[in-house]
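Counting from 1, position 122 in the sequence shown corresponds to residue 630 in the numbering used here; the numbering is continuous, with no gaps.
Glycine residues also receive a C-beta, built at the ideal position from the N, C-alpha and C atoms.
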Amino acid sequence: MEQAYWYVVHTYSGYEKKVAQNLTTIVENRRLQELIQEVKVPTEMVEDIKDGKKREVERKLFPGYVLVKMVMTDESWYIVRNTRGVTGFVGPSSKPVPLTEAEVEALGVDEQEASVDYNVGDSVEVLAGPLEGFVGLVDEIDRENGKVQVKVSMFGRETPAELELDQVKPI
């Protein structure tokens with residue numbers, strides 16, 4: 509099986525989610541999950557103030573673009589290219605260019621969940637930061653954001669600390 513890469517697909521503005529839905533449906537219906545593995549519309553949550561009220565809204569990072577992780581074949585190219593709302597791939601028309609590893613990392617589209625060798629309730633030693641050398645108990649692990657909540661015992665008191673996943677090690 510060939511390697512799947514991320515490609516950037518240009519769409520009509522405002523059609524990003526519809527294109528992603530259509531493509532996902534086609535992939536499921538035709539059982540092409542090995543060829544077209546993932547379809548994403550990169551978004552971010554931003555604070556919007558309207559009528560004096562703050563609220564979180566989702567905003568597209570790249571309006572008019574959809575990211576597709578796929579194995580480039582004539583069939584997969586044809587399916588993506590002919591999905592309603594798609595105007596083409598980013599790159600020379602005959603040969604779409606995949607994103608480089610650095611670009612994929614910078615966009616944060618292919619994030620792997622961090623694996624850690626400790627669990628909630630385990631004793632850990634803090635390896636870096638102002639609490640370096642202290643021992644604490646793991647209270648919560650947030651793999652998505654790469655954070656760990658640790659209760660460190662200082663001066664006879666439990667002090668909560670939020671650290672990066674790699675700033676602690678199990679004892």
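Around the C-beta of V628, are 16 or more other C-beta atoms found within 10 angstroms, so that it is buried, or is it exposed?
-> In the sequence shown, counting from the first residue as 1, residue 628 sits at position 120. That one is exposed.
- Sequence-distant residues of the same chain with beta carbon closer than 6 Å to E510, five excluded per side: Here residue 510 corresponds to residue number 2 of the sequence shown, with the count starting at 1. The answer, listed in chain order, is V579.
With 16 other CB atoms within 10 Å as the buried threshold, where does S521 fall?
-> What you label residue 521 is simply residue 13 of the sequence shown in a count that begins at 1. It counts as exposed.
_So, for P606: in the same chain, excluding its five sequence neighbours on each side, which residues have a beta-carbon less than 7 Å away from its beta-carbon?_
Locating residue 606 in the sequence shown gives position 98, where the first residue counts as 1. If we look at P606 and ignore the five residues flanking it on each side, its Cβ neighbours are Y513, W514, Y515.
Exercise for the section: State the Cα-Cα distance for the pair L639 and V527, rounded to the nearest angstrom. Expected result: Position 131 of the sequence shown, counted from the first residue, corresponds to residue 639. Position 19 of the sequence shown, counted from the first residue, corresponds to residue 527. Rounded to the nearest angstrom, the two C-alpha atoms are 48 Å apart.
Exercise. What residues in its chain sit with their C-beta under 6 Å from that of K655, if we drop five residues either side in the sequence?
Worked result: Here the question's residue 655 lines up with position 147 in the sequence shown. Cβ neighbours of K655 beyond the five flanking positions: E670.
Next item on the list: Determine the contact status of T551 and L569, defining contact as a CB-CB distance below 8 Å.
Entry: For the purposes of this step, residue 551 is taken as the residue at position 43 of the sequence shown. For the purposes of this step, residue 569 is taken as the residue at position 61 of the sequence shown. Closer than 8 Å, so yes.
**Asked** Starting from S584 and walking both ways along the alpha helix (DSSP H), at which residues does that stretch end?
**Response** On the sequence shown, residue 584 is found 76 positions in, with the first residue counted as 1. For S584, the enclosing alpha helix (DSSP H) covers residues 582-589.
Looking at the structure shown, is T608 part of a helix, part of a strand, or coil, going by DSSP? The residue you call residue 608 lines up with position 100 of the sequence shown. Here T608 sits in coil by DSSP.
**Q.** 8 Å Cβ cutoff met for G637 and V660
**A.** Counted from its first residue, the sequence shown places residue 637 at position 129. Counted from its first residue, the sequence shown places residue 660 at position 152. Between G637 and V660, the gap from beta carbon to beta carbon reaches 8 Å or more.
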